[in-house]
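In this note's numbering, the protein residues as written are 864 to 999. Structure first, then comments.
Here it is, written out as structure tokens:
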């Protein structure tokens with residue numbers, strides 16, 4: 864199964880540069896086998912720009928998650944705890960590298976951007992695979 868994640872452009876830049884190797888989430892489907900996570904670079908870019916292949920998706924208490932991800936997340940400690948305010952645990956999506964693709968408008972596969980993530984159907988994944996090979 865493939866997933867589409869919305870990520871802010873400043874964090875996508877860190878992912879592209881190989882500095883950010885974990886994506887942090889409040890909620891994420893842990894009971895599914897996820898092959899690829901396509902990255903939707905949110906406003907003002909508003910394009911699908913590539914994907915990652917998760918090597919591990921783990922939930923930890925916030926203090927454990929911070930210790931395990933502080934050098935991989937490109938997030939300041941204060942921002943981390945503000946993001947997870949009111950939560951007792953969080954999820955880290957660990958990956959090795961970002962695979963870029965020609966920018967794809969969101970409407971090629973979805974009508975609107977997901978707030979957190981969207982499960983992609985096999986036909987939506989096929990559309991993205993075709994666009995990776997042939998461009999827009």
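From the three backbone atoms N, C-alpha and C, an ideal C-beta is built for every residue, glycine too. All of these numbers come straight from a predicted model, not from anything done at the bench.
From residue 973 to residue 912, what does the alpha carbon distance come to, in whole angstroms?
Rounded to the nearest angstrom, the two C-alpha atoms are 14 Å apart.
Specify whether the stretch 961-973 and the stretch 920-931 touch according to this definition: at least 3 beta carbon pairs, one from each stretch, less than 8 Å apart.
Taking 8 Å as the limit for Cβ pairs, the verdict is that the stretch 920-931 does not touch the stretch 961-973.
If the criterion is Cβ atoms closer than 7 Å, does the pair residue 983 and residue 867 meet it?
Contact flag set, yes.
Could you name each continuous beta strand (DSSP E) segment of 3 residues or more that falls completely within the stretch 916-969, going from the start of the chain to the end?
List check, beta strand (DSSP E) in window: 952-968.
Helix, strand or coil for residue 988 per DSSP?
Residue state, collapsed to three classes: helix.
Compare the C-alpha of residue 939 against each of 887, 985 and 993 and name the closest.
Nearest option by C-alpha distance: 887.
Note down the Cα distance separating residue 875 from residue 996, rounded to an integer number of angstroms.
Going from the Cα of residue 875 to the Cα of residue 996 covers about 21 Å.
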